[in-house]
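Undergrad: Just dropping this structure here.
Numbering (the working numbering), first residue to last: 94 to 325.
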């Protein structure tokens, strides 16, 4: 491929519908969705994509039934343990971003350890957005900047400077945002960072989104003409 995105982000949608269509509980869709994460990460690393980010759990998702929330958090913990050796073997860095104050102490400790253990890996970085929302991110960045800067410096703050207060500081904005399951919205995700992101929507449910579908999205990205508001 001639044109590759540096950062691909995915809104992983459709797990519940995938399970329901098979007469199963929603958790089975989430379990199968883990296989899609593995497939897309492998393909991203193979293609040479440096950042793959996943919208795993939004702040709004805390309003789901407690049993499902608990299952998702347990699945996150289990997945980290299961994937650690593969990440080390394949030189993958692991990062979690979001409002982690809402996560359990045990999960936060496991996240910190995995982030620390994979910090030196530099082939591909996988970023999991957990307990995240775009509005929350902008608000926490604004509060952080206001607390740190003088009134004059805050007034002079530019977009590039503001980037440094977002949880994604140091991470390039996504070039391509994929959303599965046929929904045509971004659901309060990376609102600031996706200002010039290319969007790719597909009807494929997340548990069915594997290497072939990921590559199709990348190929479509390669056909886009990104002008960033300019004339070419």
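By construction, the Cβ of each residue, glycine as well, lies at the ideal position given by its N, Cα and C atoms.
So what does DSSP say about residue 287, is it helix, strand or coil?
TA: coil
Undergrad: What residue from 193, 200, 189 and 232 has the CA that sits closest to residue 85's CA?
TA: In this structure the chain extends from 94 to 325, so residue 85 is not present and cannot be described.
Undergrad: To the nearest angstrom, how far is the alpha carbon of residue 263 from that of residue 202?
TA: 23 Å
Undergrad: Check whether the stretch 113-131 and the stretch 247-254 are in contact - that is, three or more C-beta pairs closer than 8 Å.
TA: no
Undergrad: Report the option in 268, 273, 207 and 108 whose CA atom is closest to the CA atom of residue 181.
TA: 207
Undergrad: Following the continuous beta strand (DSSP E) through residue 225, name the residue where it begins and the one where it ends.
TA: 217-225
Undergrad: Sort 259, 162 and 278 by Cα distance to residue 238 and report the nearest one.
TA: 259
Undergrad: With burial defined as no fewer than 16 other Cβ atoms inside 10 Å of the residue's Cβ, what is the status of residue 137: buried or exposed?
TA: buried
Undergrad: Please state the DSSP three-state secondary structure of residue 249.
TA: coil
Undergrad: Could I get the ranges of all uninterrupted alpha helix (DSSP H) runs contained in the stretch 148-224, with 4 residues as the minimum, in chain order?
TA: 159-182 and 198-211
Undergrad: Does DSSP classify residue 130 as helix, strand or coil?
TA: For residue 130, the three-state secondary structure derived from DSSP is helix.
Undergrad: Just the C-alpha distance for residue 261 and residue 114, rounded to the nearest angstrom, thanks.
TA: 36 Å
Undergrad: For residue 145, write down the residues that DSSP places opposite it in a beta bridge.
TA: For residue 145, the pairing in a beta bridge is given by DSSP as 101 and 219.
Undergrad: Hey, is the stretch 157-165 in contact with the stretch 184-199, meaning 3+ C-beta pairs nearer than 8 Å?
TA: no
Undergrad: What first and last residue would you give for the beta strand (DSSP E) that runs through residue 271?
TA: 269-272
Undergrad: Considering just the uninterrupted stretch of the alpha helix (DSSP H) at residue 311, what are its terminal residues?
TA: From DSSP, the alpha helix (DSSP H) with residue 311 extends over 304-315.
Undergrad: Between residue 153 and residue 170, what straight-line distance do the alpha-carbon atoms span, to the nearest angstrom?
TA: 20 Å
Undergrad: Residue range of the alpha helix (DSSP H) that residue 110 falls in?
TA: Its alpha helix (DSSP H) spans residues 108-114.
Undergrad: Whether or not the stretch 294-311 and the stretch 100-108 are in contact is what I'm after, with contact meaning three or more pairs of Cβ atoms, one per stretch, closer than 8 Å; do they touch?
TA: yes
Undergrad: Whose C-beta lies closer than 6 Å to the C-beta of residue 172 among residues of the same chain, with five residues either side of it excluded?
TA: 127
Undergrad: Can you list, in chain order, the residues of its chain with a C-beta nearer than 6 Å to that of residue 275? Leave out the 5 residues immediately preceding and following it.
TA: 296
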